[in-house]
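Q: Please find one structure pasted underneath; my questions will follow.
Numbering (this note's numbering), first residue to last: 233 to 414.
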């Protein structure tokens, strides 16, 4: 029995490596689930806007017509983005990724989300600009309707992207703690 005591450190190291692997798998699954829920929310928002906006577009007049028109166009793009992102997330198995790949993917997701937050701020500014421009434009109703729609969509996307980036930032410590210290 004494001769097997020298194997104890290897056994402990094996359990630690397995625990690290389980923690990495749990992190990857949680990140995939977070992004999946985010894309389901975006897709649901898009479908709701397309259905309601498409119905209201048939009865709307003046600036409301352009408001629903822009919402319809905008959310077709949102639906495509949500669908492509969901396909990417669902088609992979996050639990099989090694640590390096998990780090790369986590950083890539955060970069995309930070870029999106910046774009969302630009959308808000563009919507405000269109509304301001509508005051002195021969296309007053069009500019005003489009501006209102861009502000609404930009605000929704800003909140969604901000929540997703905060959730990924809070979970990053779990991932970075798995990096071996030398």
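Yeah, the Cβ is synthetic: ideal placement off N, Cα and C, and Gly gets one too.
Using the Cα positions of residue 255 and residue 384, report the straight-line distance between them to the nearest angstrom.
A: As a working note, residue 255 is residue 23 in the chain shown. As a working note, residue 384 is residue 152 in the chain shown. Going from the Cα of residue 255 to the Cα of residue 384 covers about 39 angstroms.
Q: By the 10 Å Cβ neighbour count, where 16 or more other Cβ atoms means buried, how is residue 326 classified, buried or exposed?
A: In the chain shown, counting from the first residue as 1, residue 326 sits at position 94. It is buried - the Cβ of residue 326 has at least 16 other Cβ atoms within 10 Å.
Q: In angstroms, rounded to a whole number, what distance separates the CA positions of residue 245 and residue 410?
A: Position 13 of the chain shown, counting from 1, holds the residue named residue 245. Position 178 of the chain shown, counting from 1, holds the residue named residue 410. Residue confidence for residue 245 is low, a pLDDT of 35 falling below 50, so the modelled location carries little weight; the figure read from the coordinates is stated next. Going by the C-alpha atoms only, they are around 14 angstroms apart.
Q: Less than 8 angstroms between the beta carbons of residue 342 and residue 269, yes or no?
A: Taking the chain shown and counting its residues from 1, one reaches residue 342 at position 110. Taking the chain shown and counting its residues from 1, one reaches residue 269 at position 37. Against a cut-off of 8 angstroms, the Cβ pair of residue 269 and residue 342 comes out as no contact.
Q: Taking just the CA atoms, how far does residue 274 sit from residue 378?
A: For this step, residue 378 is matched to residue 146 along the chain shown. For this step, residue 274 is matched to residue 42 along the chain shown. C-alpha separation (whole angstroms): 20 angstroms.
Q: Could you spell out where the alpha helix (DSSP H) holding residue 363 opens and where it closes?
A: Position 131 of the chain shown holds residue 363. Start and end: 331-365.
Q: Helix or strand or just coil, what does DSSP make of residue 263?
A: Working through the chain shown from its first residue, we reach residue 263 at position 31. The answer is helix: DSSP assigns residue 263 an H, G or I state.
Q: In three-state terms, what does DSSP make of residue 285?
A: Sequence index remark: in the chain shown, residue 285 carries index 53 (1-based). DSSP places residue 285 in helix when its eight states are reduced to three.
Q: So, helix, strand or coil for residue 270, using DSSP?
A: Position 38 of the chain shown, counting from 1, holds the residue named residue 270. DSSP places residue 270 in helix when its eight states are reduced to three.
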